[in-house]
Amino acid sequence: MEIWINPACSKCRSALRLLDAEGADYTVRRYLEDVPTADELRQVLDRLGLEPWDIVRTQEEAAKELGLKNWPRKAANRDRWIAALAEHPKLIQRPIITADDGTALVARSEEAVRDAISRS
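For the record, in the sequence shown the residue sitting at position 86 is 116 according to the numbering used here, with numbers rising by one throughout.
Right, dumping it as structure tokens:
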């Protein structure tokens, strides 16, 4: 499994501690340094079963500057949202865990992290 993290994020650090405590086999991706491409974001969104606007951190400064709250949340605008996430990775909700069974989760709770572990 892979976990996308921002080391400054307390939820990410908590998820890593739980993964370590459970002896999980995982890879860390610091997505602010190793920025996901638009194609990678599409793949993760498919695995999450979510749309790009579902994983946007709307309180980030970049979201406010882009006016994301006013962007249409429709399939026709999906690529525009994905491009914004690829260009401004700080907007991506975290942590995201891609499980070995092909699914993914936004792992902001202990339950979600345990769910990801059970899928791998």
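The beta-carbon is built from N, C-alpha and C at its ideal position, and this holds for glycine as well. Quick caveat: nothing in here was measured; it's all calculated off a predicted structure.
The alpha helix (DSSP H) runs of length 4 or more contained entirely in the stretch 66-148 are, from start to end of the chain, 68-78, 91-96, 108-117.
For R59, the beta-bridge partners assigned by DSSP are W34. With respect to the C-alpha of D131, the residue from V143, S148, L49 having the closest C-alpha is S148. In terms of CA proximity to A114, E95 leads the group I35, E95, S150. R144 is positioned such that its CB atom lies closer than 9 angstroms to that of E52.
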